[in-house]
DNA sequence: GCGACAG
DNA sequence: ATCTTGTCGC
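Residue numbers (my numbering): 10 to 230.
Have a look at this one:
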């Protein structure tokens, strides 16, 4: 797929904060997506003692969830891991991998937060805004927010609140297994995002999209 | 000032 | 994120 953004990348946390504060106004938290036929998962892994960043993208058919295409790309690591600034470390490599795709995803599930972020601009929002594609943030752990305890059955969820606003949902994707944290990335509502995450999840905790991307990014079997 | 802190 | 085998439970 063709990627447009010639976005300037922050070299310092101060610059990153300014970019987040500016771009967050572009995030659309309502449904603005067409028919979803291709769902993609993106993930990143590191090599050579973290000096190289490798991104992987897996495109699956929806709702069948069959792998249709995948791509990987590596790039020198340029930004450290700092909570709240994950996108500046991972997105450059992700964009490079996305460029290699022939199929343009209708929806992308990201490994990390969307709106559930200190400045409401997690990696899912950043990627979605840059390439103007609907995205959902699916994180394995909490960055910000609190929530009530939720039932152990698959499908149950509770709103995630931070500083007085609902920023996402804690969702049980598998019975008796730790939940995942879902939040809007771009051009989708929270309710719709929860629905897609569940429909992309089969027998494991994580959606098939991110599981496949995960496998590719870490070079496993 | 003291914790908390996606991957 | 990543280093790593077996093992407990549905």
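We put the CB at the ideal spot given by N, CA and C, even for glycine.
Classification of residue i by the beta-carbon crowding that lies within 10 angstroms, buried from 16 upward
i	result
residue 231	The chain is shown from 10 up to 230; residue 231 falls before or after that span and cannot be answered.
residue 215	buried
residue 184	exposed
residue 41	exposed
residue 119	buried
residue 150	exposed
residue 17	exposed
residue 129	buried
residue 35	exposed
residue 186	exposed
residue 228	exposed
residue 89	exposed
Local conformation of residue i per DSSP, three classes
i	result
residue 283	Any answer about residue 283 is impossible in this case: the structure gives the chain only from 10 up to 230.
residue 120	strand
residue 213	coil
residue 155	strand
residue 126	coil
residue 12	coil
residue 223	helix
residue 204	helix
residue 101	helix
residue 183	coil
residue 199	helix
residue 218	helix
residue 290	The structure shown does not extend to residue 290, since the chain spans only 10 to 230, so no value can be given for it.
residue 8	There is no way to answer for residue 8, as the model of the chain reaches only from 10 to 230.
residue 106	helix
Which residues DSSP lists as bridging residue i, in chain order
i	result
residue 168	178
residue 56	61
residue 67	50, 79
residue 145	118, 193
Where the alpha helix (DSSP H) through residue i begins and ends
i	result
residue 135	132-140
residue 91	No alpha helix (DSSP H) holds residue 91; DSSP gives it neither H nor E.
residue 26	22-32
Presumed contact (8 Å Cβ cut-off) between residue i and residue j, rounded CB distance
i	j	result
residue 125	residue 95	Incorrect: roughly 12 Å between the Cβ atoms, too far for contact.
residue 198	residue 38	7 Å
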